[in-house]
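Engineer: Please see the structure below; I have some questions.
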Amino acid sequence: MDLENQKRVKEFAEKFGPENVVVVLGAGEGEAAGLAAETVTAGDPTFAGPLAGVSLGLKVYHICEPELKVEIDEAVYDEQISMMEMVLDVDDIVNEMTAIREQYTKY
Amino acid sequence: MSILKGKNVIVIGDRDGIPAPAIEECVATAGGNVVFASTECFV
Amino acid sequence: MSGNAVVKGASYVLVHAPDFVINYGTTQTVERIVNPDSDYLKALNSSIRSYEQVLAYPPNQVYLGNLTPKDLEDFEFPWYDKQVADAKRFGKFGELMPEDEFIALMQICDAFDLVVLEENFVAKTKEKLTKHPLITESMLSKLKDGQSLEAIKEYISEYNAEPLYFEREIVGYVKRAHEIDVNLSAEVLLENLAYKASGVLALLHLINNSGIDREAVDYVIDCSEEACGDMNQRGGGNFAKAQAEMVGLINATGSDTRSFCAGPAHAIIEASALVKSGTFDNVVVFAGGAVAKLGMNGKDHVKKNIPILEDVMGGFAVLISKNDGVNPEINLDIVGRHTIGTGSSPQAVISSLVTDPLDRAGLRITDIDKFAAEMQNPDITKPAGAGDVPEANYKMIAALGVKRGELERADILNFVKNHGMKGWAPTQGHIPSGVPYLGFAREEILEGRIKKAMIIGKGSLFLGRMTNLFDGVSFVLQENSKEAQTEDLKVSVKEVIEPLIGIVAEDSELGKDNVLEAISLAENKGYRAILIEGEEAHKKMDEMLRRKEIDAAVTMNYSFPIGVSTVGRVITPGRGREMFIATTTGTSATDRAEAMVKNAIYGIIAAKASGVKEPTIGIANIDGARQAEKALRELQQKGYDIKFAESARKDGGVVMRGNDLLAGTADVMVMDSLTGNLMIKLFSAFTTGGSYESVGYGYGPGIGEGYDKIVLIVSRASGAPVIAGAIEYATQLVKNNCLKLAADEFAKANRSGLKQILDGLKERKTAATEEEVKPPAKEIVTVEIPGIEIMDIEDAAKTLWAEGIYAETGMGCTGPVVLVSEANEAKAIEILTKAGYIN
C-alpha cells in the first residue's frame, strides 16, 4: 500500500480508536485486496511503510463483498459498482478477504 | 450489526479495480462517515 | 482534399536501461531512503536481465513489430521465462537500443553541456553509434571527447552531479544546472535528458518508417507525463520542439499536451483536428520514456523470483496527415470523452469513452473490430497485484454490453478474445495508453483484415492531488472512406456553370463600347462577365467578390498590398507561344533580387492555374538575375520543384536574352515588375503603333502569400481582344482553384526554406554595407536581456561582440531578447544602456 495512505490509516486509527474505523477497499484482484487488508490488520508485509510491524487489526472489507453490498442503496450500487462485479473475480476476492479477517481482525 | 453505519470509513480505491469516489458514494448511502479516500495506481 | 486526417506512419522504440532501473527508478530511490539495508536492494543486481534476454522477451518483439499481438497468444503465460528464437534489434516499427548507445545519445541531445562522459566509454560507444543506420554524422559530431574517470568521480562528489552507469560502472555524469532550484537539479535533468533522447529516437524511426520529408512536418505534439522548466515555470514545457530540433524538423512548430496516461489519445485527436481543419498538413504526435517508472513494481517481481521486467524505456511517434485517400482515417465524428460531470464509477467512465460515442454514431460495441485501451503487459502487472489491465478493460466493455442488452453474459469471454488483445507495452504510463496498437491497426486496416479500431486513453488525474477526477478520451481509426476523392469529383460535376467575372473599367481610354465589345467577344467563347459601373466601382467590386457574387474581377488602376504583384500572359511573336511575364505591376518586395525570386513563384502559380502542368522558368537578363538564379537553385536543392528553361542561344543557361523573350523559350519569364510592365506593353501593342493593346491576356492576376481574391489587371490602353483574353484567363484561374493552388505552392516553397533564402539575400546586403564584427568564442547563454527594439536586436548583439561579450539574439516571452552568459549579464546591460539600446 502507498506509504502516504499507510500513514493516514495509522493516524485515523489513533485518532478515532481502531474499533471505530472501517477500511473499504476497491482492489482489482484478490491478491492485491489481501495485501492491502493484511497491511491494515497485521501490518505492512513489505516492511516499507509506517504500518510495518504495526498490527492495527482494523475491520476491513472489499466493496464487492456481500456483507457490505446489503448495506448499500441498491440503485447507487448498481450505478457505481455492478458492472465491475462482472469484471472482477469476486469469489477470489471474498476468499482472500475472509481469510485475512479471520486471522487478523481484532474488532 | 451493521458494518458501516456510524463508523469512520477509510476508502482505499484502485484505478484498475474500483476507484475511491465510486466507493464513497456507496458508503454514504449505508450511513458510513468517510474520513479519508484515496485511489491507488499500479500502472 | 478535405475529410478526416489519416495515420500515415508510426514508430515504436525501446531502450534497455538496467542501470537506470537500479539508480533512478523511484521504487528503488525511495527504498534506498526508507529502507537502505533491505533485502530488495540486495537482490536488485541479480534480478536484472541482460540485453539479449530483454531482446528475446516476447512482448518486446511485438512492440518493435517483429511479432504481432496475435503471435503473443502462442506463448504460454507467463512470458518472462519464454524467448523468441530469432529476436532482432530492429523491427518494422523501431529498435531496442542498448544502454551504452543510449547514454551517448543523451549527450548528443544535450544542448547545455550537462552530460560529461568518460573517455574510453566515448571512444567505444562512438564506434558503435557510427554503425547506427539513423544516427547522422552531424548528430555524431555532438559527441564530446571524454574525461578521465578520476576527474569524473571528483566532479560528482564535489558538485552533486548524478553519475551515469553502464554495466554497473560509472561512465559519466549529468550536472546540475542550478545550485538551489530543484527543477534544474542533476536528477531532474538526467530524467529529462533521457526522456528527450528516447523521444528523439522515436522521431528518427518515424521519419524513416513513413518516408516523410523532414521539412514537410508542420507541427509536433509531445504527449508524455514529463515536465521541464525552472522554479519560476516548473511545467514551462515544449519538450516537443526540443526533440524535433534534434532531427531537423525545421519547418515545424509545436507544443506539449498533458493528461497523465490519456495524453497520447488527447494529442492524436488534437492533431487530427488541426489537419482536418486545414491548419496543418503533417502533425507528429510522440513521446519518449520515463526513467522514474523503471522498476516500479520491482519489489513484487523480486519477491516472486521474477526478474525485474520494467527494465526498458518506451517511445513512440505517429504521423497524422491530410487525407490521401489510402491510409486509415481518424473519424472525428466518433470521439469519446470523459467529461467533468461524468463521474468516476467504472461504468460511467467506460460509457463515456465507449458506448456514448458509438451511440452518437449509431454503432454497436460489436461494430468495432478491435479495442485498444491500456495495453500494459500483464506479465508485469499481474505479479504486482494490478491484474491483467487490458483484459479488465475488455471485460468492462463487454459487461457494459451485457447491461445494455447487446451481449449475453455468457459471451463476455468470447468478446474479450475476439475484440481484444494481450497487452505487450511496458508500464511507462503514457506509452501503453491505446497508442501501441496504432501501428498494427493501420496495417490491419490497410490489409483489409479489420475495418474499425477504437483507441482509448485513460488517465489518473488524482495522482497530481489537484482533483479526484478521472480522465479519458477515445477515437476510432477506420478504413479510408475515399470520400475525399469523390468530393473532388462532385465539384467538377457541379461546376457546369462558367464562373462569373466582374469588370470595372471606368478609366479606359478606349471607352465603354470597347469594354462591352470585350464582354461579347468573351461570351461568344462561352465565358460569363458583367460590367460593374458607377461611383466607387472598386468598392462595389470588392464587396461582390467578398459575397461571392462574382468569382473573379478584371480591372484597371487597382492597388495591391506590398507583396502582391501581377503575372501577365502574352503571345510571343516569334513562335506564337504563350508566355507568362512575372511580374507586370505591383511590388513583390522592395529588394530587387528578393522580388524576382518571389515573382518566379508567382509565375509558377499563374502558369499552373492556367493549365500548364510543369511550367519552365527563365530569368530575364537584367540586374539581379544571377542573384535570383542562385537563390532559386538553392530553393530547388532544398526540395521545391522548379523546372528551369534553357536559353535558345548557343551558350544556354537559365538567364534569358531578348531573343528568348521573342521566341517564348520559357513558360514563365521572371523579371522585376517595372521591366515586366514595359515588356507586356510591347508584346500587347507592337502591331498597332502603341495606342491600342490588341493581343494577349493582359497584366494578369495579383498573386502574393495570403492574398485571397482573384483580381486581374488590364490597362487603360487594353483593347477589346485583350480584355476578352483577361476574362478567359480569369475563368481558367477560378476553375483551377488558383487561390488553393497558390496556398499549396507557398507552403511547398516555405517548407523548402524560402523565407531563410530570402533573408539570406537581404543579409548579404546588410553585411556588405556594415563593418564586420566577429563573435567572441561561443559560450552557454542563459540570461535574457529584454527591452530592445526588434529592428535593433542584431546590432545590439554585435555591439556586445565588439566588446568581447558573446551574445545571441532570440524571442523571449515579451519580445526580442539578447542572451548572454550569467557572468556577463551586468556588463552587457551596462554596455547596452550606454549605447542606448535599453533604458
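Chains as they are written, first to last, in my numbering: chain A, 1 to 107; chain B, 1001 to 1043; chain C, 2001 to 2839. For every residue, glycine included, the Cβ atom is placed at its ideal position computed from N, Cα and C.
List the residues of chain C that residue 42/A touches, going by C-beta distances under 7 Å, in chain order.
Structural biologist: Taking the first residue of the first sequence as position 1, residue 42/A is located at position 42. Per Cβ cutoff of 7 Å: no residues; residue 42/A is ~17 Å from chain C at best.
Engineer: Within 10 angstroms of its Cβ, does residue 2452/C collect 16 or more other Cβ (buried), or is it exposed?
Structural biologist: Position 452 of the third sequence, counted from the first residue, corresponds to residue 2452/C. Buried: at least 16 other Cβ atoms inside 10 Å.
Engineer: Residue 1042/B CB to nearest chain C CB: under 8 Å?
Structural biologist: Position 42 of the second sequence, counting from 1, holds the residue named residue 1042/B. Yes, because at least one Cβ of chain C sits closer than 8 Å to the Cβ of residue 1042/B.
Engineer: Please classify residue 2123/C as buried or exposed, where buried requires at least 16 other C-beta atoms within 10 Å of its C-beta.
Structural biologist: The residue you call residue 2123/C lines up with position 123 of the third sequence. So residue 2123/C ends up on the exposed side.
Engineer: Just the chain A side, please: which residues come within less than 8 Å of residue 2347/C by C-beta, in chain order?
Structural biologist: Position 347 of the third sequence holds residue 2347/C. The contacting residues are 79, 80, 82, 83 and 84.
Engineer: Taking DSSP as the reference, what is the three-state secondary structure of residue 2339/C?
Structural biologist: Working through the third sequence from its first residue, we reach residue 2339/C at position 339. Note: residue 2339/C maps to coil in three-state DSSP.
Engineer: Kindly indicate which three-state DSSP category residue 62/A falls into: helix, strand or coil?
Structural biologist: Counting from one through the first sequence, the residue named residue 62/A turns up at place 62. Strand, per DSSP.
Engineer: Distance cutoff 8 Å, beta carbons only. Does residue 61/A sit that close to anything in chain B?
Structural biologist: Taking the first residue of the first sequence as 1, we reach residue 61/A at position 61. Chain B, which has a Cβ nearer than 8 Å to the Cβ of residue 61/A, makes this yes.
Engineer: Return the residues of the region 2463–2478 of chain C that lie within a Cβ-Cβ distance of less than 8 Å from chain B, sorted by chain order.
Structural biologist: The residues in question are 2463, 2468 and 2470.
Engineer: With DSSP as the reference, please indicate the residues paired to residue 1946/C in a beta bridge.
Structural biologist: This structure does not reach residue 1946/C, given that chain C is present from 2001 up to 2839, and the question cannot be answered.
Engineer: Considering only residues of the same chain and omitting the five flanking positions on each side of residue 2784/C, which have a CB-CB separation below 7 Å?
Structural biologist: Against the third sequence, residue 2784/C aligns to sequence position 784. Excluding sequence neighbours, residue 2784/C sits near 2812, 2817 and 2819.
Engineer: Using a Cβ-Cβ cut-off of 8 Å, state whether residue 2389/C counts as contacting chain B.
Structural biologist: Counted from its first residue, the third sequence places residue 2389/C at position 389. Closer than 8 Å: yes.
Engineer: Just to confirm before moving on: does the CB-CB distance between residue 2477/C and residue 2455/C stay below 8 Å?
Structural biologist: Taking the first residue of the third sequence as position 1, residue 2477/C is located at position 477. Taking the first residue of the third sequence as position 1, residue 2455/C is located at position 455. Yes, Cβ-Cβ distance for residue 2477/C and residue 2455/C is below 8 Å.
Engineer: What is the rounded straight-line gap between the Cα of residue 2798/C and the Cα of residue 2630/C?
Structural biologist: Taking the third sequence and counting its residues from 1, one reaches residue 2798/C at position 798. Taking the third sequence and counting its residues from 1, one reaches residue 2630/C at position 630. Roughly 28 Å separates the two Cα atoms.
Engineer: Using the Cα positions of residue 2832/C and residue 2779/C, report the straight-line distance between them to the nearest angstrom.
Structural biologist: Locating residue 2832/C in the third sequence gives position 832, where the first residue counts as 1. Locating residue 2779/C in the third sequence gives position 779, where the first residue counts as 1. Each residue's Cα considered, the two are about 19 Å apart.
Engineer: For a cutoff of 8 Å on Cβ pairs, would you count residue 94/A as touching chain B?
Structural biologist: Locating residue 94/A in the first sequence gives position 94, counting from the first residue. Output row for residue 94/A: interface = no.
Engineer: At 8 Å on the CB atoms, spell out the chain B contacts of residue 52/A, in chain order.
Structural biologist: For this step, residue 52/A is matched to residue 52 along the first sequence. The premise fails here: residue 52/A is roughly 17 Å from chain B at the closest Cβ pair, so nothing lies under 8 Å.
Engineer: Name the two residues that bound the continuous beta strand (DSSP E) containing residue 2298/C.
Structural biologist: To locate residue 2298/C, count along the third sequence from 1; it is residue 298. Here residue 2298/C belongs to no beta strand (DSSP E); instead the alpha helix (DSSP H) covers 2298–2303.
Engineer: Locate the beta strand (DSSP E) running through residue 2182/C, then write down its first and last residues.
Structural biologist: The residue labelled residue 2182/C in the question sits at position 182 within the third sequence. Counting along the chain, residue 2182/C falls outside any beta strand (DSSP E), and DSSP gives it neither H nor E.
Engineer: Distance, Cα to Cα, residue 2034/C vs residue 1041/B?
Structural biologist: By one-based count along the third sequence, residue 2034/C stands at place 34. By one-based count along the second sequence, residue 1041/B stands at place 41. One C-alpha to the other measures close to 20 Å.
Engineer: Could you tell me which chain A residues have their CB closer than 8 Å to the CB of residue 2035/C, listed as they occur along the chain?
Structural biologist: Counting from 1 along the third sequence, the entry for residue 2035/C is found at position 35. Going along chain A in sequence order, the residues near residue 2035/C (Cβ under 8 Å) are 47 and 48.
Engineer: Report yes or no: is there a C-beta of chain C within less than 8 Å of the C-beta of residue 35/A?
Structural biologist: Taking the first residue of the first sequence as 1, we reach residue 35/A at position 35. Yes - at least one Cβ of chain C is within 8 Å of the one on residue 35/A.
Engineer: Given this structure, state the Cα-to-Cα distance separating residue 2031/C from residue 2023/C, to the nearest angstrom.
Structural biologist: What you label residue 2031/C is simply residue 31 of the third sequence in a count that begins at 1. What you label residue 2023/C is simply residue 23 of the third sequence in a count that begins at 1. Residue 2031/C and residue 2023/C: Cα-Cα distance of roughly 11 Å.
Engineer: I'd like to check one pair, residue 2383/C with residue 2301/C: are the Cβ atoms closer than 8 Å?
Structural biologist: Position 301 of the third sequence, counted from the start, is the residue given in the question as residue 2301/C. Position 383 of the third sequence, counted from the start, is the residue given in the question as residue 2383/C. Yes, the pair counts as a contact, with Cβ atoms nearer than the cut-off.
Engineer: Could you work out which residue in 2718/C, 2619/C and 2212/C is closest to residue 2646/C when comparing CA atoms only?
Structural biologist: Mapped onto the third sequence, residue 2646/C falls at position 646. Checked all of 2718/C, 2619/C and 2212/C; the closest Cα to residue 2646/C is 2619/C.
Engineer: Identify every residue that forms a DSSP beta bridge with residue 2016/C.
Structural biologist: Start at 1 with the first residue of the third sequence, and residue 2016/C comes out as number 16. The partner list for residue 2016/C (beta bridge, DSSP) reads 2312/C.
Engineer: Does the region 1016–1027 of chain B come into contact with the region 2002–2009 of chain C, if we say contact requires no fewer than three beta-carbon pairs (one atom in each stretch) closer than 8 Å?
Structural biologist: These segments do not touch.
Engineer: Taking C-beta pairs closer than 8 Å, name the residues in chain B that residue 101/A reaches, listed in chain order.
Structural biologist: The sequence position of residue 101/A within the first sequence is 101, counting from 1. Correct list: empty, because the minimum Cβ distance to chain B is about 11 Å.
Engineer: Got a sec: is the Cβ-Cβ distance from residue 29/A to anything in chain C below 8 Å?
Structural biologist: By 1-based counting over the first sequence, the position of residue 29/A is 29. Yes, residue 29/A counts as interfacial toward chain C.
Engineer: Under 8 Å by Cβ, that's how I've got residue 2473/C and residue 2320/C pegged, so tell me the actual separation to the nearest angstrom.
Structural biologist: For the purposes of this step, residue 2473/C is identified with residue 473 of the third sequence, where counting begins at 1. For the purposes of this step, residue 2320/C is identified with residue 320 of the third sequence, where counting begins at 1. The Cβ separation is near 15 Å, so there is no contact.
Engineer: Quick check: the Cα distance between residue 2491/C and residue 27/A, rounded to an integer number of angstroms?
Structural biologist: Your numbering for residue 2491/C matches position 491 in the third sequence. Your numbering for residue 27/A matches position 27 in the first sequence. For residue 2491/C, the predicted structure reports a pLDDT of 46, less than 50, and the residue's modelled location is therefore unreliable. The matter cannot be settled from this model.
Engineer: Does any residue of chain C bring its CB to less than 8 Å from the CB of residue 1057/B?
Structural biologist: This structure does not reach residue 1057/B, given that chain B is present from 1001 up to 1043, and the question cannot be answered.
Engineer: If we ignore side chains and look at the alpha-carbon of each, how far apart do residue 2395/C and residue 6/A end up?
Structural biologist: Residue numbering aside, residue 2395/C sits at position 395 when the third sequence is read from its first letter. Residue numbering aside, residue 6/A sits at position 6 when the first sequence is read from its first letter. Their Cα atoms are separated by approximately 31 Å.
Engineer: I'd like the ranges of any alpha helix (DSSP H) spanning at least 4 consecutive residues and lying wholly in the region 2756–2814 of chain C.
Structural biologist: You should have 2793–2802.
Engineer: Going by the DSSP bridge assignment, what does residue 2164/C pair with across the sheet?
Structural biologist: If you number the third sequence from 1, residue 2164/C lands on position 164. Answer by DSSP bridge pairing, in chain order: 2172/C.
Engineer: Report yes or no: do three or more beta-carbon pairs, one from the region 2270–2281 of chain C and one from the region 2294–2308 of chain C, lie closer than 8 Å?
Structural biologist: The region 2270–2281 of chain C vs the region 2294–2308 of chain C: no contact.
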